[in-house]
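*Asks:* With positions in the sequence shown counted from 1, the corresponding number in the numbering used here is that position plus 26.
For every residue, glycine included, the Cβ atom is placed at its ideal position computed from N, Cα and C.
I have a structure I would like to understand better, so I am pasting it below and will then ask my questions one at a time.
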Amino acid sequence: MINIALPKGRLGEKVYAMFEKAGFPCPALLENSRKLIFDNAEAGVRYFWVKPSDVAIYVERGAADVGVCGKDILLEYRPEVYELLDLNVGKCRMAVAAPEGFRDNPNRTLRVATKFSRIARDYYASRGRDIDIIHLNGSIEIAPILGLSDVIVDIVETGTTLRENHLEVIETIVPISARLIANKSGFKFKTEQIERLVKEMGKEVEQP
Ligand code: PRP
Numbered sequence: 027m028i029n030i031a032l033p034k035g036r037l038g039e040k041v042y043a044m045f046e047k048a049g050f051p052c053p054a055l056l057e058n059s060r061k062l063i064f065d066n067a068e069a070g071v072r073y074f075w076v077k078p079s080d081v082a083i084y085v086e087r088g089a090a091d092v093g094v095c096g097k098d099i100l101l102e103y104r105p106e107v108y109e110l111l112d113l114n115v116g117k118c119r120m121a122v123a124a125p126e127g128f129r130d131n132p133n134r135t136l137r138v139a140t141k142f143s144r145i146a147r148d149y150y151a152s153r154g155r156d157i158d159i160i161h162l163n164g165s166i167e168i169a170p171i172l173g174l175s176d177v178i179v180d181i182v183e184t185g186t187t188l189r190e191n192h193l194e195v196i197e198t199i200v201p202i203s204a205r206l207i208a209n210k211s212g213f214k215f216k217t218e219q220i221e222r223l224v225k226e227m228g229k230e231v232e233q234p
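Laid out in structure tokens, this is it:
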């Protein structure tokens, strides 16, 4: 049995459809219930729905053999997992955004509000720019509007949230998409099954 952690929500449903087409179905999963764990012994899979940002924790600690999580989480938390496949879904980008017309003053420490402190720190360190990180847990876009920060580092998908708050992307840091990840020792014990899963899932990935 392969234990698979799926991110709850729209992305998870899309990814489950890929698993299903790849030959790892579990029809009970689509029944509208509050259940979180689903088995299909015949297909050799057990799925669980977890909060998207928790998938890597389940996989890193071996509660799941494999899982699907965003590249943003891998870059931010650097979990000890294998990254096996880019699923090319859940596509967005990590970007720096600022109020329309913002001009950076290089003589001043830049105040950066973000949920992704490490990504922001690494990015500005690579550019030799002094920053002050203001770590927030959500609704990052309001920080520069209220004068809490100069810029934000956040995920941009459609750009609607930025537009509606009169912010604009000033730099793209890195493109993001969902990745298939695996627990390191689980991979050793279940190499054959996991490699087959990766191979079959690879066929379901739509190339850009
Ligand atoms: C994410 C991100 C942006 C928004 C971007 O927020 O932090 O706020 O989506 O999407 P868009 O470009 O399509 O508008 P999320 O919904 O995860 O909420 P939170 O960060 O405020 O918790």
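If you run the structure through DSSP and keep just helix, strand and coil, what is A204?
*Replies:* As a first step, residue 204 is located in the sequence shown; it is residue number 178 there, counting from the start. The answer is strand: DSSP assigns A204 an E or B state.
*Asks:* Exposed or buried, what is S211 when buried is set at 16 or more other beta-carbons lying within 10 Å of its beta-carbon?
*Replies:* Taking the sequence shown and counting its residues from 1, the one referred to as residue 211 is at position 185. Answer is exposed; the Cβ neighbour count stays below 16.
*Asks:* Compute the beta-carbon to beta-carbon distance between V239 and A123, rounded to the nearest angstrom, for a pair I have assumed lies under 8 Å.
*Replies:* Coverage of the chain is limited to positions 27 through 234, which leaves residue 239 absent and any answer about it impossible.
*Asks:* Would F142 and V179 qualify as a contact pair, given that the criterion is a beta-carbon distance under 7 Å?
*Replies:* By 1-based counting over the sequence shown, the position of residue 142 is 116. By 1-based counting over the sequence shown, the position of residue 179 is 153. Yes, the Cβ-Cβ distance between F142 and V179 is below 7 Å.
*Asks:* If contact is defined by three or more beta carbon pairs under 8 Å, each pair taking one atom from either stretch, is the region 30-37 in contact with the region 63-83?
*Replies:* Cβ pair count under 8 Å is three or more, so yes.
*Asks:* Hey, how far is the Cα of Y108 from the Cα of P53?
*Replies:* Locating residue 108 in the sequence shown gives position 82, counting from the first residue. Locating residue 53 in the sequence shown gives position 27, counting from the first residue. Looking at the two C-alpha atoms, the distance is approximately 28 Å.
*Asks:* Where in the region 30-89 do unbroken runs of the beta strand (DSSP E), each at least 3 residues long, occur, reported from the N-terminal end onward?
*Replies:* Whole beta strand (DSSP E) segments, 3+ residues: 63-66, 71-76.
*Asks:* Is T135 helix, strand or coil when you go by DSSP?
*Replies:* As a first step, residue 135 is located in the sequence shown; it is residue number 109 there, counting from the start. Three-state DSSP puts T135 in coil, outside helix and strand.
*Asks:* If you measure from each CB to the nearest heavy atom of ligand 1 and keep those under 5 Å, what residues do you get, in chain order?
*Replies:* Cβ atoms closer than 5 Å to ligand 1 belong to G164, S165, D180, I181, V182, E183, T184, G185, T186, T187.
*Asks:* Check whether the region 223-230 and the region 41-48 are in contact - that is, three or more C-beta pairs closer than 8 Å.
*Replies:* With a cut-off of 8 Å, the region 41-48 and the region 223-230 count as touching, because enough Cβ pairs lie within range.
*Asks:* Can you tell me the Cβ-Cβ gap for Y42 and L62, rounded? I've got them flagged as a contact below 8 Å.
*Replies:* Translated into positions along the sequence shown, residue 42 becomes position 16. Translated into positions along the sequence shown, residue 62 becomes position 36. The Cβ separation is near 13 Å, so there is no contact.
*Asks:* According to DSSP, is G185 helix, strand or coil?
*Replies:* Taking the first residue of the sequence shown as position 1, residue 185 is located at position 159. G185: coil per DSSP, three-state reduction.
*Asks:* Which word fits T217, buried or exposed, when buried means at least 16 other C-beta atoms lie within 10 angstroms of its C-beta?
*Replies:* On the sequence shown, residue 217 is found 191 positions in, with the first residue counted as 1. That one is exposed.
*Asks:* Below 8 Å CB to CB, which residues in the same chain sit around I220 once its five sequence neighbours on both sides are set aside?
*Replies:* Along the sequence shown, read from residue 1 onward, the residue named residue 220 stands at position 194. Cβ within range, chain order: I28, D91, V92, L110, A208, G212, F213.
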